[in-house]
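Participant: Residue 235 is where the sequence shown ends in my numbering, and the numbering goes up by one at each step. Glycine included, each C-beta is placed from N, C-alpha and C at the ideal position. Take a look at the following structure, please.
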Amino acid sequence: MVHSFDTKRVQLQIFTQQRYGPNPVCCANKESQVLLELLRQEVANNRLDIDLVTTPCLLRCDDGPNIRLLPGNKIWSFVSIDTIPDIVLTCKEICKND
138 MVHSFDTKRV
148 QLQIFTQQRY
158 GPNPVCCANK
168 ESQVLLELLR
178 QEVANNRLDI
188 DLVTTPCLLR
198 CDDGPNIRLL
208 PGNKIWSFVS
218 IDTIPDIVLT
228 CKEICKND
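In structure tokens:
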């Protein structure tokens, strides 16, 4: 897992902050780790030259799980297993244009 912020490379930022207490709403509690593993498999299967970066909070906890694509700052919210093909397709298109 890459934790750098090299703005020259294509990155998918997967928000994985864990929250507890009186307001436990967060991406981690909405299965962002499962999505990370699925994306890791899809990136490998499609031989995409992108970095998967775990990062804490986007401050959109109610909309999570959230994933952001850089460059471009495209954000997917309410991500589910069904969203993964769209994310992979978008990454393929970006990598094709590099």
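Under 8 angstroms, do GLN148 and ILE212 count as touching if we go by C-beta distance?
Facilitator: No. Outside cutoff.
Participant: Could you check if GLN150 is buried or exposed, using at least 16 other CB atoms within 10 Å of its CB as the buried criterion?
Facilitator: GLN150 is buried by the Cβ-count criterion.
Participant: Roughly how many whole angstroms lie between the Cα atoms of ILE204 and THR153?
Facilitator: 10 angstroms
Participant: Under 7 angstroms from any heavy atom of the ligand NAD, does the C-beta of ASN166 make it?
Facilitator: Absence of the ligand NAD is noted for the structure shown, with no ligands found whatsoever.
Participant: Please determine, among VAL180, PHE215, GLY158 and LEU173, the residue with the shortest C-alpha to C-alpha distance to CYS228.
Facilitator: VAL180
Participant: On the CB-based measure, 16 or more other CB atoms within 10 Å of its CB, does LYS233 come out buried or exposed?
Facilitator: With fewer than 16 Cβ atoms within 10 Å of its Cβ, LYS233 is classed as exposed.
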